[in-house]
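Under the working numbering, think of the first position of the sequence shown as 278, with each following residue one higher.
Everything on this sheet refers to the single structure shown next.
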Amino acid sequence: MYNKSELRKQAAFLVREYGQEVLVEEFIEGTEYSIGILGNGSRSKVLPIMERFYLDPKGIALFEPDEAVIPLLKKMHRKYNVERAGKGGARLAQISDELKAKLENMAVASYNACNCRDWCRMEIRVNKKTGKPYVLELNPIAGIDPSYILPRQANLAGMTYADLINTIVDSAAERYQKLKKIYKKK
278 MYNKSELRKQ
288 AAFLVREYGQ
298 EVLVEEFIEG
308 TEYSIGILGN
318 GSRSKVLPIM
328 ERFYLDPKGI
338 ALFEPDEAVI
348 PLLKKMHRKY
358 NVERAGKGGA
368 RLAQISDELK
378 AKLENMAVAS
388 YNACNCRDWC
398 RMEIRVNKKT
408 GKPYVLELNP
418 IAGIDPSYIL
428 PRQANLAGMT
438 YADLINTIVD
448 SAAERYQKLK
458 KIYKKK
């Protein structure tokens with residue numbers, strides 16, 4: 278939306294269509310990064326950062342489903358056209374050490390603040406004009422289909438798909454054992 282009139286019209290449509298409130302956020306123009314985290318506490322590990330890219334000249338794609346999900350979406354949302362528009366993807370980010378550290382620190386702080394456990398993937402966009410990063414989304418149960426971003430990040434870190442799954446399961450099991458000890462004492 279580029280003006281209040283367009284915004285009001287679209288918000289009214291969404292309220293009618295979905296029967297609930299609408300959240301309106303400012304669009305932050307800039308580069309978007311996907312950051313995966315595995316583990317808990319001091320054993321948390323940030324995976325290689327991937328840059329989201331869009332082929333749309335405006336630099337935004339509202340929803341770009343993964344290939345593996347398209348058949349399910351077509352079945353669930355028959356009244357909508359669900360196709361890959363080929364508007365973008367993700368690639369290993371080529372960024373400065375300073376930006377990498379800033380993004381990793383923000384990701385870990387967000388992960389901990391939201392009390393995430395075992396694995397997570399988040400999107401952080403860096404404002405093109407100010408250089409300030411913004412957390413757009415934090416997905417505490419990020420998709421782990423081999424074609425999804427988190428498994429691709431794990432692969433870039435030298436992990437096989439089995440390594441990724443074992444790391445997530447081991448992290449949860451370790452956390453569970455600690456909880457068991459705490460509750461046994463009570």
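Beta carbons are placed, not taken as given, at the ideal position from N, Cα and C, and that holds for glycine.
Since the model is a prediction, treat every value here as computed from it, not as a measurement.
Residue interval of the beta strand (DSSP E) (run including residue i)
{"i": "V412", "result": "P410 to N416"}
Residue i, DSSP secondary structure in three states
{"i": "A434", "result": "coil"}
{"i": "V405", "result": "Looking at the sequence shown, residue 405 is not Val but Lys. K405 falls in the coil class under three-state DSSP."}
{"i": "S311", "result": "strand"}
{"i": "L300", "result": "coil"}
{"i": "L441", "result": "helix"}
{"i": "G316", "result": "coil"}
{"i": "A370", "result": "coil"}
{"i": "R452", "result": "helix"}
Expected contact under 8 Å - CB spacing of residue i and residue j to nearest Å
{"i": "L427", "j": "A419", "result": "5 Å"}
{"i": "E328", "j": "A384", "result": "Contact flag wrong, Cβ pair sits at about 14 Å."}
{"i": "K379", "j": "P410", "result": "6 Å"}
{"i": "S387", "j": "L415", "result": "6 Å"}
{"i": "E309", "j": "R402", "result": "5 Å"}
{"i": "S311", "j": "E375", "result": "Not quite, the Cβ-Cβ distance comes to about 19 Å (not below 8 Å), so this is no contact."}
{"i": "I326", "j": "K281", "result": "At roughly 36 Å, the Cβ-Cβ gap does not stay under 8 Å, so I326 and K281 are not in contact."}
Residue i - containing alpha helix (DSSP H), residue span
{"i": "V292", "result": "K281 to Y295"}
{"i": "Y272", "result": "Since the first residue of the chain shown is 278 and the last is 463, residue 272 is not available in this structure."}
{"i": "E375", "result": "D374 to A390"}
Sequence-distant residues of its chain with Cβ nearer than 8 Å to residue i (five each side left out)
{"i": "E306", "result": "G336, N404, K405 and K406"}
{"i": "F330", "result": "G365, G366, A367 and R368"}
{"i": "S448", "result": "L315, G316, N317, R320, R394, D395 and W396"}
{"i": "V299", "result": "A288, L291 and V292"}
{"i": "V301", "result": "L284 and A288"}
{"i": "I445", "result": "L315, D395, W396 and I421"}
{"i": "M436", "result": "T444"}
Close-in-space but distant-in-sequence residues of the same chain around residue i (CB under 6 Å, 5 per side omitted)
{"i": "G313", "result": "L324, R398, L427 and Q430"}
{"i": "P417", "result": "C393 and C397"}
Neighbourhood of residue i by C-beta distance below 7 Å, restricted to the same chain and skipping five residues each side
{"i": "M278", "result": "L284 and Q287"}
{"i": "A434", "result": "L324 and P325"}
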